[in-house]
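Trainee: Chains as they are written, first to last, in my numbering: chain A, 88 to 411; chain B, 11 to 316. This is the structure I have questions about; it appears just below.
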Amino acid sequence: VEEVLAAAEEQDAEKRRSITVEKELELEFDLGNLLALDRNPPAAAGLRGACPRREALLRALARDNTQLLVARLWELPAERAGGAGGPLVAQLPEPTFRLPREKPPPRPRPPTRWEQFARLKGIHKRKKTSLVWDEQAKEWRRRWGYRRAGGDPARAWLAEEDQFARLRREKRERVARNEFNRLRNLARAHRAGTAVPAEPLHPTGHQSREELGHVARVARVSTASLGRFQPRLPKEPVEPPSRSGGRKRRFDPLLGNLSAERSRQLELLRDMGSKKPVLDITRAVNKQLRQEEAEAAAAKGKKQSKRGKRGRRQQRVGRGKKSG
Amino acid sequence: MEPLERVVKPKTKRAKRFLEKREPKLKENTKNAMLIKGGNANLTVTEVLKDIYAVKKPFAVLYKKKNITRPFEDQTSLEFFSKKSDCSLFLFGSHNKKRPNNLVIGRMFDYHVLDMIELGIEKFVSLKDLKNSKCPEGTKPMLIFAGDVFDVNEEYRRLKSLLIDFFRGPTVPSVRLAGLEYLLHFTALEGRIYMRSYKVLLKKSGCKIPRIELEEMGPSLDLVMRRTHLASDDLYKRSLKQPKALKPKKKKNISHDVFGTTYGRIHMQKQDLGKLQTRKMKGLKKRPAEKSAEDGRVSPKKSKPA
């Protein structure tokens, strides 16, 4: 039995000899990229010589390295793609060799005004059906396009006002509003990405008194103890109020207005006792939105005056053509 | 500056798809290469560019006309081309008395030049000169780098990274084992880099793993490193940075031991052991006499009707 085993082992070794390769240092493999890195210094003497010998040596080196790489690749988990008769396919792992990217990774864009509002209110997008039931025609019509539900928009010619002009005007307004909102969102996103840096002091000349004062104040506070132990110039005014932290961190003296304190405490007890919440969320949200709209209207006013000429010129040309 | 370019909204779906293909993504497209001829490119350099184009098809663009630029002095025209054709790798060939048979191989990051290495061609054997069968176009090549210089020297390390980037081809999840036909072998020795391409023949051996035989085909180049323009360390680090979303998610509460057994960990809340449902032992059940005695003590008001 032992003889048989020994013979079998020898046979196996013979077979394996054709595919084994001896190397000083192990190669490094990155199978995801089909890559092998050989750290062994190549035989310098042979390669320095004549061309054909060099080629033969290079080829031998390449053959050895490829044998090792292929051995590794064949060890990967493989399966037959497309059933039993298909080709043998190996699952490659993720590439490990770190290569630089083509472009920087994408930055998440800030949400648009509508997206913010929808998130606040909890509004989700609803998938619309492509066909709508039309009561008049008593059949399923498309939502928009040729023969849409809701009747032919041009058929309302019985009314006094010029329907075509009205529809055209409304569409123009809608398109302009949409475009404006889109540009505004883009500008907001762009502004959010690049923070506006603080204006540094002008080197010479145009330094106003306020600017100098502001810069001096900032320089004073930029110490480790936030300006508490900085020596003051003889005529520099003492400025503790900013250290009190502004409006919210102002504390009243202990024994001041007793009646005010009493009324404040009673109010506090009343708020704690009442069942209604002190902060009405809906009102607060609406107030915030109105404020933002007011800001936007102010910005719009500025933008209109900037784009005003172009916008007005376009509209005028359009009107002129169609009425004539 | 990108939002300012997107101010013009695409009017057709095709234009929208075109722009989406070019914008930065989490998982990026395969890098395209542009092969450019310089002001005075001779026959050797042109042949090299044509051969490398054949190897790198379809992820390469070969410009037919000569472009009179100098990559090492002025990179704006290269960046312009890169932006227009959305190519992040380039190979620029030129020839003059001071630098004969010159090849500049480089890559871009965000359409700006990241690395550039100038190589001189000492010897070139083209695809046409070796008359044997070639492998099909678009085969993913196997890459092998031999020589300790590729790790020791910083410039050679960047060159290795550049060559891998250039020749690697698309990243695929699986590969057909019989289709591994193309091999690119780079040897670095005494200031020279020998690039050889072989067709791989898989011969039968006694066991599963086949025996490899190589047949030389394809372009073979003997290169000498000349000038380099490498990116600064922090720019290179920034370009290597991958977004966090691409990191593989770690599965929590699963561990493996040496023998290959997988262990899972379950977190339980505190249980009231008194209320545990154990097996019913009939012998331990409360007898009616004991029960009434207990009841009697607990609720004396309750009395059985006679």
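Backbone N, C-alpha and C fix where the C-beta goes; we use that ideal spot for every residue, glycine too. Everything numeric in this text was worked out from a predicted model, so none of it was measured.
1. Excluding the five sequence neighbours on either side, which residues of its own chain have a C-beta within less than 6 Å of the C-beta of Asn77(B), listed in chain order?
2. Expressed to the nearest angstrom, what Euclidean distance is found between the alpha-carbon atoms of Leu101(B) and Ser249(B)?
3. Would you kindly work out how many angstroms separate the C-alpha atoms of Gln375(A) and Arg304(A), rounded to a whole number?
4. Three-state secondary structure (DSSP) at Val283(A)?
5. Only counting the same chain, and skipping five residues up and downstream in sequence, which positions put a Cβ closer than 7 Å to that of Pro191(A)?
6. Can you give me the start and stop residues for the beta strand (DSSP E) that Trp220(A) sits inside?
7. Roughly how many angstroms lie between the CA atoms of Arg126(A) and Thr153(A), to the nearest whole one?
8. Is Ala149(A) close to chain B, meaning its C-beta is less than 8 Å from at least one C-beta of that chain?
9. How many whole angstroms separate the CB atoms of Gly237(A) and Asp221(A), which I take to be in contact at a CB cut-off of 8 Å?
10. Do Lys133(B) and Asp232(B) have their CB atoms nearer than 8 Å?
11. Got a sec? Which residues, its chain only, sit under 8 Å from Arg140(A) by beta carbon, not counting five neighbours each side?
12. Met126(B) by DSSP, collapsed to three states: which one?
13. Ordered along the chain, which non-local residues of its own chain (more than five positions away) have a Cβ less than 8 Å from that of Lys199(B)?
14. Below 8 Å on C-beta distance, what does Leu145(A) contact in chain B?
15. Can you pull the DSSP bridge partners for Ala385(A)?
16. Counting only beta-carbon separations shorter than 8 Å, does Leu92(A) have a partner in chain B?
17. List, from N- to C-terminal side, the alpha helix (DSSP H) runs of 4 residues or more that fit wholly inside the region 235-309 of chain B.
18. Would you decide whether Thr197(B) is buried or exposed? Buried here means 16 or more other CB atoms lie within 10 Å of its CB.
19. Say whether the region 112-123 of chain B touches the region 84-102 of chain B, bearing in mind that this needs 3 or more beta-carbon pairs closer than 8 Å, one atom from each stretch.
20. Tell me whether the beta-carbon of Lys144(B) lies closer than 8 Å to the beta-carbon of Met205(B).
21. If you reduce the DSSP assignment to three classes, tell me which class Asn112(B) lands in.
22. Using DSSP with H/G/I as helix, E/B as strand and the rest coil, what is Ser104(B)?
23. Indicate the three-state DSSP secondary structure (helix, strand or coil) for Ile210(A) in the structure shown.
24. Taking Glu30(B) as the query, report the chain A residues whose CB atoms sit under 8 Å from its CB, ordered along the chain.
25. Between the alpha carbons of Arg167(B) and Ala94(A), how many angstroms are there, rounded?
26. So what does DSSP say about Glu96(A), is it helix, strand or coil?
27. Looking only at its chain, what residues have a beta carbon closer than 7 Å to the beta carbon of Arg406(A), apart from the 5 residues adjacent to it on each side?
28. Tell me which residue opens and which closes the alpha helix (DSSP H) that Val302(A) is part of.
29. Using 8 Å as the limit for Cβ to Cβ distance, is Ile368(A) near chain E?
30. Please name the residue in Ile222(B), Asp125(B), Lys150(B), Glu225(B) whose C-alpha comes closest to that of Ser242(B).
31. If contacts are defined as beta-carbon pairs under 8 Å, then Ala51(B) and Gly130(B) qualify, I think. What distance do you get, rounded to the angstrom?
32. Starting from Tyr63(B) and walking both ways along the beta strand (DSSP E), at which residues does that stretch end?
33. Applying a beta-carbon distance threshold of less than 8 Å, which residues of chain A neighbour Tyr246(B)?
34. So, is the C-beta of Gly157(B) closer than 8 Å to a C-beta in chain A?
35. Taking C-beta to C-beta, are Val162(B) and Arg202(B) nearer than 8 Å?
36. Based on Cα-Cα distance, which residue from Leu299(A), Leu270(A), Lys102(A), Arg230(A) lies nearest to Ala386(A)?
Mentor: Once the coordinates are examined:
1. Along the second sequence, read from residue 1 onward, the residue named residue 77(B) stands at position 67. The residues are Ile46.
2. For the purposes of this step, residue 101(B) is taken as the residue at position 91 of the second sequence. For the purposes of this step, residue 249(B) is taken as the residue at position 239 of the second sequence. Rounded to the nearest angstrom, the two C-alpha atoms are 20 Å apart.
3. Residue 375(A) sits at position 288 when you count from the first residue of the first sequence. Residue 304(A) sits at position 217 when you count from the first residue of the first sequence. When rounded, the distance between both Cα atoms is 33 Å.
4. Translated into positions along the first sequence, residue 283(A) becomes position 196. With a pLDDT of 45 at Val283(A), under the threshold of 50, the predicted position of this residue should be treated as unreliable, and no value is reported.
5. For the purposes of this step, residue 191(A) is taken as residue 104 along the first sequence, with counting starting at 1. Closer than 7 Å at the Cβ level, and outside the excluded window around Pro191(A), lies no residue.
6. Locating residue 220(A) in the first sequence gives position 133, counting from the first residue. Unbroken beta strand (DSSP E) run through Trp220(A): 218-221.
7. The sequence position of residue 126(A) within the first sequence is 39, counting from 1. The sequence position of residue 153(A) within the first sequence is 66, counting from 1. Between Arg126(A) and Thr153(A), the C-alpha separation is close to 14 Å.
8. Within the first sequence, the letter at position 62 stands for residue 149(A). Yes - at least one Cβ of chain B is within 8 Å of the one on Ala149(A).
9. By one-based count along the first sequence, residue 237(A) stands at place 150. By one-based count along the first sequence, residue 221(A) stands at place 134. 7 Å between Cβ atoms; contact.
10. One-based indexing of the second sequence puts residue 133(B) at position 123. One-based indexing of the second sequence puts residue 232(B) at position 222. Closer than 8 Å, so yes.
11. Translated into the one-based positions of the first sequence, residue 140(A) becomes position 53. Answer for Arg140(A): Gly133, listed in chain order.
12. Taking the first residue of the second sequence as position 1, residue 126(B) is located at position 116. In the structure shown, Met126(B) sits in a strand (DSSP, three-state: E or B).
13. One-based indexing of the second sequence puts residue 199(B) at position 189. One point to set straight first is that residue 199(B) is Leu, not Lys, in the sequence displayed. Excluding positions up to five away in sequence, the list reads Gly157, Val159.
14. Reading the first sequence from its first residue, position 58 is the one you call residue 145(A). In chain order: His195, Thr197, Tyr204, Arg206.
15. Position 298 of the first sequence holds residue 385(A). Its beta-bridge partners do not exist; DSSP assigns none.
16. Position 5 of the first sequence holds residue 92(A). For Leu92(A), the answer is no, since every Cβ of chain B falls outside 8 Å of its Cβ.
17. 243-250, 298-308
18. Taking the first residue of the second sequence as 1, we reach residue 197(B) at position 187. Around the C-beta of Thr197(B), 16 or more other C-beta atoms lie within 10 Å, and the residue is accordingly described as buried.
19. yes
20. On the second sequence, residue 144(B) is found 134 positions in, with the first residue counted as 1. On the second sequence, residue 205(B) is found 195 positions in, with the first residue counted as 1. Contact flag unset, no.
21. Sequence index remark: in the second sequence, residue 112(B) carries index 102 (1-based). Note: Asn112(B) maps to strand in three-state DSSP.
22. Translated into the one-based positions of the second sequence, residue 104(B) becomes position 94. In this structure, Ser104(B) counts as strand in the three-state DSSP scheme.
23. Taking the first sequence and counting its residues from 1, one reaches residue 210(A) at position 123. Looking at Ile210(A) - three-state DSSP - the assignment turns out to be coil, as it is neither helix nor strand.
24. By 1-based counting over the second sequence, the position of residue 30(B) is 20. In chain order: nothing, as chain A lies at least about 11 Å away.
25. Stepping through the second sequence from its first residue, residue 167(B) is reached at position 157. Stepping through the first sequence from its first residue, residue 94(A) is reached at position 7. Rounded to the nearest angstrom, the two C-alpha atoms are 48 Å apart.
26. Taking the first sequence and counting its residues from 1, one reaches residue 96(A) at position 9. Correct three-state label for Glu96(A): helix.
27. The count along the first sequence starts at 1 and reaches residue 406(A) at position 319. Confidence at Arg406(A) is low in this model, with a pLDDT of 48, below 50, so its placement is unreliable and the value that follows should be read with caution. Nothing listed; no residue qualifies.
28. For this step, residue 302(A) is matched to residue 215 along the first sequence. Start and end: 296-308.
29. In the displayed structure, chain E is absent; the protein chains listed are A and B.
30. Taking the first residue of the second sequence as 1, we reach residue 242(B) at position 232. If we check each option's Cα against that of Ser242(B), Asp125(B) comes out closest.
31. Translated into positions along the second sequence, residue 51(B) becomes position 41. Translated into positions along the second sequence, residue 130(B) becomes position 120. Going by Cβ atoms, the distance from Ala51(B) to Gly130(B) rounds to 14 Å, so no, they are not a contact pair.
32. Working through the second sequence from its first residue, we reach residue 63(B) at position 53. No beta strand (DSSP E) holds Tyr63(B); the alpha helix (DSSP H) holding it covers 53-66.
33. For this step, residue 246(B) is matched to residue 236 along the second sequence. Ordered by position in chain A, the residues that pass the 8 Å Cβ test against Tyr246(B) are Pro187.
34. Locating residue 157(B) in the second sequence gives position 147, counting from the first residue. At least one chain A Cβ lies under 8 Å of Gly157(B).
35. Reading the second sequence from its first residue, position 152 is the one you call residue 162(B). Reading the second sequence from its first residue, position 192 is the one you call residue 202(B). Cβ atoms of Val162(B) and Arg202(B): not closer than 8 Å.
36. Here residue 386(A) refers to the residue found at position 299 of the first sequence. Closest option to Ala386(A), Cα to Cα, is Leu270(A).
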